[in-house]
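Numbering (this note's numbering), first residue to last: 57 to 331.
This is the structure:
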């Protein structure tokens, strides 16, 4: 049974979130994906700040036998709040609140509950870790649905530049989550998705497959940099910012036949997604 819960908990991995954010942006709502990605990055940063600031133990901290080796491998850093729970609630809750479709809401709720439950079943988090994570995730999901982050003039480039400056000033040994979160925030805040999602099944398949090939080529390519370089705070932040830029603007440029630039792109309002 543990293999099932390990599979469920792996739905909270970074790679799964990358796929979900990319597909949502390309195939459903370009502007909604940008808002969701920005809220996701901010949630990621808050989670890291609380996790390492509070530095609270996990169930297996003093007794490694409390969780299997495979389960412990899914747990990075201190305990509260649960990153898997918070980020799942932010992403899937944000999608549900943006789209306002019953089946999406039920599917999102099921995913969030399963991922959160997996952290308890695997004994890598206390219930309080999961509850706080879900609460914070729900708040950032509301941000993703209700807030449109500025894109004009200095408000487009100043916050990303500030995020990268902060990343450059991070001391050596700072947990990777801070630079990664700053890079994601810079990238999502800066991009301006102006394309129209494909309307045919073939177009969607082409965009999904070709787009993910490009994104993961960049992801793994940048991950192959020497450790001494890629572990530098600014370099890590730039890696994630570049990944977002490639996904939100590079892929649509390469696949402009299926992602044409136009005014008919999906736009998120405070209540629903308008096509």
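Every residue, glycine too, gets a C-beta built ideally from N, C-alpha and C.
Computed from a predicted model, the values in this text were never measured in an experiment.
Would you decide whether residue i is buried or exposed? Buried here means 16 or more other CB atoms lie within 10 Å of its CB.
| i | result |
| --- | --- |
| residue 213 | exposed |
| residue 87 | buried |
| residue 91 | buried |
| residue 293 | buried |
| residue 258 | exposed |
Report the rounded CA-to-CA distance for residue i versus residue j, giving the unit in angstroms.
| i | j | result |
| --- | --- | --- |
| residue 114 | residue 312 | 47 Å |
| residue 287 | residue 223 | 11 Å |
| residue 291 | residue 285 | 7 Å |
| residue 154 | residue 104 | 25 Å |
| residue 109 | residue 261 | 43 Å |
| residue 295 | residue 145 | 25 Å |
| residue 85 | residue 271 | 18 Å |
| residue 226 | residue 138 | 23 Å |
| residue 106 | residue 125 | 25 Å |
| residue 158 | residue 69 | 26 Å |
By the three-class DSSP mapping on this structure, what secondary structure does residue i have?
| i | result |
| --- | --- |
| residue 234 | helix |
| residue 317 | strand |
| residue 116 | coil |
| residue 251 | strand |
| residue 57 | coil |
| residue 135 | coil |
| residue 190 | helix |
| residue 180 | coil |
| residue 305 | helix |
| residue 379 | Since the first residue of the chain shown is 57 and the last is 331, residue 379 is not available in this structure. |
Between the Cα of residue i and those of the options, spot the shortest distance and give me the residue it belongs to.
| i | options | result |
| --- | --- | --- |
| residue 173 | 108, 186, 162 | 186 |
| residue 218 | 230, 237, 302, 228 | 237 |
| residue 305 | 259, 246, 280 | 246 |
| residue 315 | 65, 79, 125, 231 | 79 |
| residue 283 | 60, 254, 229 | 229 |
| residue 390 | 132, 93, 99, 98 | The requested residue 390 does not occur in the structure, where the chain is confined to residues 57 to 331. |
| residue 100 | 175, 176, 183, 240 | 240 |
Assuming residue i contacts residue j (C-beta within less than 8 Å), just tell me the rounded distance between them.
| i | j | result |
| --- | --- | --- |
| residue 95 | residue 199 | 4 Å |
| residue 134 | residue 128 | 13 Å between Cβ atoms; not a contact. |
| residue 243 | residue 297 | 4 Å |
| residue 275 | residue 301 | Not a contact, Cβ separation roughly 13 Å. |
| residue 65 | residue 178 | 6 Å |
| residue 123 | residue 180 | 5 Å |
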